[in-house]
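Engineer: My numbering puts the first residue of the sequence shown at 18, with every later residue one more than the last.
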Amino acid sequence: MISPCFGDFHLAAVQHECIPQAVLGMDIICQAKSGMGKTAVFVLATLHQIEPVDGQISVMVMCHTRELAFQIAHEYERFSKYLVDVKTGVHLLCAAIHAIGVPIAQNREALKNNPPHILVGTPGRILGLVREKTLKLDKVKHFVMDECDKMLEAIDMRRDIQEIFKATPHDKQVMMFSATLSKEIRPVCRKFCQDVSVMGFCAGCERFCLSGVDRWVTIYVDDETKLTLHGLQQYYIKLEESEKNRKLNDLLDALEFNQVVIFVSKKNRGRELNRLLNECNFPSICITADLSQEERIKRYKSFKDFQKRILVTTDLFGRGMDIERVNIVVNYDFPNDSDQYLHRVGRAGRFGTKGLSISFISSEEDTEMLAKVQSRFEVNIPELPDQIDISTYMST
Numbered sequence: 018m019i020s021p022c023f024g025d026f027h028l029a030a031v032q033h034e035c036i037p038q039a040v041l042g043m044d045i046i047c048q049a050k051s052g053m054g055k056t057a058v059f060v061l062a063t064l065h066q067i068e069p070v071d072g073q074i075s076v077m078v079m080c081h082t083r084e085l086a087f088q089i090a091h092e093y094e095r096f097s098k099y100l101v102d103v104k105t106g107v108h109l110l111c112a113a114i115h116a117i118g119v120p121i122a123q124n125r126e127a128l129k130n131n132p133p134h135i136l137v138g139t140p141g142r143i144l145g146l147v148r149e150k151t152l153k154l155d156k157v158k159h160f161v162m163d164e165c166d167k168m169l170e171a172i173d174m175r176r177d178i179q180e181i182f183k184a185t186p187h188d189k190q191v192m193m194f195s196a197t198l199s200k201e202i203r204p205v206c207r208k209f210c211q212d213v214s215v216m217g218f219c220a221g222c223e224r225f226c227l228s229g230v231d232r233w234v235t236i237y238v239d240d241e242t243k244l245t246l247h248g249l250q251q252y253y254i255k256l257e258e259s260e261k262n263r264k265l266n267d268l269l270d271a272l273e274f275n276q277v278v279i280f281v282s283k284k285n286r287g288r289e290l291n292r293l294l295n296e297c298n299f300p301s302i303c304i305t306a307d308l309s310q311e312e313r314i315k316r317y318k319s320f321k322d323f324q325k326r327i328l329v330t331t332d333l334f335g336r337g338m339d340i341e342r343v344n345i346v347v348n349y350d351f352p353n354d355s356d357q358y359l360h361r362v363g364r365a366g367r368f369g370t371k372g373l374s375i376s377f378i379s380s381e382e383d384t385e386m387l388a389k390v391q392s393r394f395e396v397n398i399p400e401l402p403d404q405i406d407i408s409t410y411m412s413t
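(1) Leaving aside the five residues before and after Ile407 along the sequence, list all residues of the same chain whose C-beta is less than 7 Å from its C-beta, in chain order.
(2) Count the C-beta pairs between the region 323-330 and the region 254-262 that are closer than 8 Å, then say yes if the count reaches three, no if not.
(3) Give the DSSP-derived three-state secondary structure of Ser392 in the structure shown.
(4) May I have the straight-line CA-CA distance separating Lys189 from Thr63, to the nearest angstrom?
(5) Check each candidate in Ala365, Met43, Ser75 and name the one with the smallest Cα separation from Val58.
(6) Does Asp354 get closer than 9 Å to chain D when you measure Cβ to Cβ?
(7) Suppose contacts are defined by Cβ-Cβ distances below 9 Å. Is Glu164 in contact with His91 by that definition?
(8) Of all the alpha helix (DSSP H) runs that stay within the bounds of the region 22-102, which reach a length of 4 or more residues?
(9) Short check: CB of Ile181 to CB of Met79, under 9 Å?
(10) Looking at the strands, I want to know which residues DSSP matches up with Asn348.
(11) The alpha helix (DSSP H) spanning Ile181 covers which residue range?
(12) Between Met168 and Ile46, is the Cβ-Cβ spacing less than 9 Å?
(13) Compare the Cα-Cα distances from Asp350 to each of Ser379, Arg393, Arg263 and report the closest residue.
(14) Measure the alpha-carbon distance for Gly363 versus Arg288 and round it to whole angstroms.
(15) According to the neighbour-count rule (16 or more other Cβ atoms, all chains shown, within 10 Å of its Cβ), is Gly372 buried or exposed?
(16) Classify Lys158 as buried or exposed, calling it buried when 16 or more other Cβ atoms lie within 10 Å of its own Cβ.
(17) Considering only their Cβ atoms, is the gap separating Val147 from Leu154 smaller than 9 Å?
(18) In angstroms with no decimal places, state the Cα-to-Cα distance between Ser282 and Asp307.
(19) Apart from the five residues just before and just after Ile398, which ones in its own chain have a Cβ nearer than 8 Å to its Cβ?
(20) Using a Cβ-Cβ cutoff of less than 7 Å, which residues in the same chain neighbour Lys315 once the five nearest sequence positions on both sides are dropped?
(21) State buried or exposed for Asn298, treating a residue as buried only when at least 16 other CB atoms are found within 10 Å of its CB.
(22) What residues in its chain sit with their C-beta under 7 Å from that of Ala86, if we drop five residues either side in the sequence?
(23) Which residues mark the beginning and the end of the beta strand (DSSP E) in which Phe320 is found?
(24) Suppose you measure from the CA of Val70 to the CA of Gln310; what does that come to, to the nearest Å?
(25) Give a yes or no on whether the C-beta atoms belonging to Gly54 and Gln32 are separated by under 9 Å.
(26) Which residue or residues does DSSP assign as beta-bridge partners of Thr331?
(27) Under the three-state reduction of DSSP, which class applies to Val343: helix, strand or coil?
(28) Please state whether the Cβ-Cβ distance between Leu280 and Thr331 is less than 9 Å.
(29) If distances are taken between C-alpha atoms only, which option among Glu385, Asp383, Phe334, Val343 comes closest to His360?
(30) Leaving out the 5 sequence neighbours to the left and right, which residues in its chain are closer than 8 Å to Lys264 when beta-carbon positions are compared?
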């Protein structure tokens, strides 16, 4: 069904299960591993169904960060070149309303003069434009939430989304995606969908459970041990806080890599670490939430385009971002919950490729969280050996 428009397209398991249902207009709640192509599900499904009408927004996609919005916009632009008469214009609403970057006046002007068929943005900016009646969503036919649990778990953001949702027609397709969907957040997700009378769950490694009434489909991986990536080698290093910088330098000297993402806990730690790396002749780049939108997108593109090989960032970059050359993730600061660990390390080893994650453990809290990660996902994360075979984490 997809190939006549988009040529040969090798489908991952989640795409094989989801896309046929999605192109029929069924509501979708999908949980699958990071790096397995969830974005392509809603991009291809909405492009396949869209019937462009000048001046009307048909597809509304929401995500929690500007960078992810920019990335999704790029995917729409990449695939929509195979279709005629589709204006994505999706980069227009990729800023939070309080952010320094694209002025909201610029959004107003674009929506007035050349409204897109497909809109991607963050809830804050979208809601601001909806409230002032600059943005009209009364013709939306497809409503998508990427990294839906991240947005719905935050009460303020959930309220924003609910208000935006009410501005769209009752009769529309709803699709929701994430690598982590807790049993607590699933009922919240279901409230956005229609005909929620049958649910489906599964426990197998590559099996998906579909359960539908009319236009409702759930695709969950209930066995959380199946959520980590098969090609990803995971290790830890126990060390003192004061030893982290030297150890990181040693690793970057010793390991072969295409690109590396280094996660820290706070913005100021990211800036300082980035400065130290550059002083040590590791040309890194840092992306944190306090940068202007223009600067964040500029740095994101620099990393994605392989102009920089080392990225220092916070959990801002931990979800959804797809940089295909990343094969190493370093948790300079260990995350404080297991979901975030899963999202972070999922930046490497994407779509079945090889990758390596190394976590610095420097406190009792880190040790306890590492144990929780291993228990929850039933994965053994050993201490980093003196030597690592390059073939285990880098494709030749």
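Beta carbons are placed, not taken as given, at the ideal position from N, Cα and C, and that holds for glycine. Since we're looking at a predicted model, the values are computed, not measured.
Structural biologist: On the basis of the coordinates in this document:
(1) Glu273
(2) no
(3) helix
(4) 12 Å
(5) Met43
(6) Looking for chain D here will not work: only one protein chain is present.
(7) no
(8) 30-39, 55-66, 83-97
(9) yes
(10) Phe280, Ser376
(11) 172-183
(12) no
(13) Ser379
(14) 23 Å
(15) buried
(16) buried
(17) yes
(18) 14 Å
(19) Gln251, Tyr252, Tyr253, Ser376, Leu387, Val390, Gln391
(20) none
(21) exposed
(22) Cys80, Cys111, Val137, Gly138, Thr139
(23) Element bounds for Phe320: not the beta strand (DSSP E) but the alpha helix (DSSP H), 310-321.
(24) 30 Å
(25) yes
(26) Thr331 pairs with nothing; no bridge assigned.
(27) strand
(28) Note that residue 280 is Phe in the sequence shown, not Leu. Cβ atoms of Phe280 and Thr331: closer than 9 Å.
(29) Phe334
(30) Ile254, Leu256, Phe377
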